[in-house]
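Asks: Structure below; questions to follow.
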Amino acid sequence: MLGDGAELALTRAGDPEAGVTVVLAHSFALDRRVWHRLVDALPEAAERPVSVLAYDHRGHGESSAATLTTALVERLADDLVELVDGLVPRGRLVLVGHGAGGQVLTSATARHRDLLADRLAGMAFLSTGVGWLAETSVAWPGSLGAVLRDLRAILGERIGSRLDKATTVGLRWVLLGENPDPDDVRLVADMVTAHWPDTAALFRPGLDRFGREAALEVAADVPVLAMVGDRDRLVPAAHAEALAGAARDGVAVVLPSVGHMLPLEAVAQLLPRLVGLAQAALRR
Numbered sequence: 447m448l449g450d451g452a453e454l455a456l457t458r459a460g461d462p463e464a465g466v467t468v469v470l471a472h473s474f475a476l477d478r479r480v481w482h483r484l485v486d487a488l489p490e491a492a493e494r495p496v497s498v499l500a501y502d503h504r505g506h507g508e509s510s511a512a513t514l515t516t517a518l519v520e521r522l523a524d525d526l527v528e529l530v531d532g533l534v535p536r537g538r539l540v541l542v543g544h545g546a547g548g549q550v551l552t553s554a555t556a557r558h559r560d561l562l563a564d565r566l567a568g569m570a571f572l573s574t575g576v577g578w579l580a581e582t583s584v585a586w587p588g589s590l591g592a593v594l595r596d597l598r599a600i601l602g603e604r605i606g607s608r609l610d611k612a613t614t615v616g617l618r619w620v621l622l623g624e625n626p627d628p629d630d631v632r633l634v635a636d637m638v639t640a641h642w643p644d645t646a647a648l649f650r651p652g653l654d655r656f657g658r659e660a661a662l663e664v665a666a667d668v669p670v671l672a673m674v675g676d677r678d679r680l681v682p683a684a685h686a687e688a689l690a691g692a693a694r695d696g697v698a699v700v701l702p703s704v705g706h707m708l709p710l711e712a713v714a715q716l717l718p719r720l721v722g723l724a725q726a727a728l729r730r
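So the sequence shown is numbered by the numbering used here: it starts at 447 and just counts up by one.
So this is what it looks like as structure tokens:
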């Protein structure tokens, strides 16, 4: 439970006493299920003990609801630091963010520089942009938002399954790459429709106001991995290159045929990179 009474749902794996904890922050209008292929795989793949913590942001998944005053990137960043400080008070940290989860990470490192300075040992930005996505993406939030709004206007809340089926094709095109796993398509549709339109409307103003420029300087002192798919219709590859370029030890990786849902689509490529960050953290 957080200081204001909010509760964050979470999943833990690995050794809770490990010297390094990998914290997984999901994107806007998703939930921690996006990490389901990595949570157990990470500690199993590591040579030395690693702890993994995946959680639902406030207002998402199974966590407490957000309000107009708490639906802010900065508040989610404070939640992250409070959660980690309470559950993992010792050891190195590797912070991993997908999409807007990367915004939460950079806000956390900027707002809590003193708390994280001695512990932060690596960061990974997966499908994360360096500016608000609407400025450069070809699909979000305009076209997808219009599709979902039109369908809700036609179908209302009468038959939720019809809404899910009707949006699946559009969600697949917007969020996934070539030949996606049908299970991934269904999971993405379930996560997005569960958070649309209420969560989207609540968090959009705060996301619009948030900037990453100052926070990029904070990440410069630790190894940074920035990965993006070349079929990502929300985040161009240049954004990953900019994030990696802001760090002295930054690496940008562009994955062929992969869309925006990198934690689901590219586990084989992502897992060894994250294990590498975790193992390097133990040597810092």
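Here a beta-carbon is modelled for each residue, glycine too, at the ideal position from N, C-alpha and C.
Taking only runs that begin and end inside the region 627-697, name each unbroken alpha helix (DSSP H) of 4 or more residues, in chain order.
Replies: 628-640, 644-655, 659-664, 683-691
Asks: With H, G and I counted as helix, E and B as strand and the rest as coil, what does DSSP make of residue 465?
Replies: Walking along the sequence shown from the start, residue 465 turns up at place 19. Looking at residue 465 - three-state DSSP - the assignment turns out to be coil, as it is neither helix nor strand.
Asks: Could you check whether the region 683-692 touches the region 705-718, counting it as contact only if at least three pairs of C-beta atoms, one from each stretch, sit closer than 8 Å?
Replies: no
Asks: Give the range of the alpha helix (DSSP H) segment to which residue 553 is assigned.
Replies: Your numbering for residue 553 matches position 107 in the sequence shown. That run of the alpha helix (DSSP H) goes 547-557.
Asks: Give the C-beta separation of residue 725 and residue 493 to the nearest angstrom, bearing in mind that I take them to be a contact with Cβ-Cβ under 8 Å.
Replies: Along the sequence shown, read from residue 1 onward, the residue named residue 725 stands at position 279. Along the sequence shown, read from residue 1 onward, the residue named residue 493 stands at position 47. About 7 Å; that satisfies the 8 Å criterion.
Asks: Who are residue 542's beta bridge partners in DSSP?
Replies: Here residue 542 refers to the residue found at position 96 of the sequence shown. Partner(s): 470, 570.
Asks: Report, in whole angstroms, the separation of the C-beta atoms of residue 534 and residue 467, which I expect to be a contact under 8 Å.
Replies: Along the sequence shown, one-based indexing puts residue 534 at 88. Along the sequence shown, one-based indexing puts residue 467 at 21. About 5 Å separates the beta carbons of residue 534 and residue 467, which is inside the 8 Å limit, making them a contact pair.
Asks: Measure the alpha-carbon distance for residue 642 versus residue 620 and round it to whole angstroms.
Replies: Mapped onto the sequence shown, residue 642 falls at position 196. Mapped onto the sequence shown, residue 620 falls at position 174. The straight-line gap from Cα to Cα measures roughly 15 Å.
Asks: Once you ignore the five residues that flank residue 723 on each side, which residues in its own chain have a CB closer than 7 Å to its CB?
Replies: Counted from its first residue, the sequence shown places residue 723 at position 277. Closer than 7 Å at Cβ, skipping near neighbours: 540, 568, 570, 669, 671.
Asks: Could you tell me the distance, in whole angstroms, from the CA atom of residue 651 to the CA atom of residue 464?
Replies: Working through the sequence shown from its first residue, we reach residue 651 at position 205. Working through the sequence shown from its first residue, we reach residue 464 at position 18. Put simply, the backbone Cα of residue 651 is about 38 Å away from that of residue 464.
Asks: Could you please give me the residues that DSSP links to residue 500 through a beta bridge?
Replies: On the sequence shown, position 54 is the one that residue 500 refers to. For residue 500, which the question treats as bridged, DSSP gives the partners 457, 470.
Asks: Hey, residue 675 and residue 701 are a contact pair by Cβ (cut 8 Å); roughly how many whole angstroms apart?
Replies: Looking up residue 675 in the sequence shown gives position 229. Looking up residue 701 in the sequence shown gives position 255. Right, their Cβ atoms sit about 5 Å apart.
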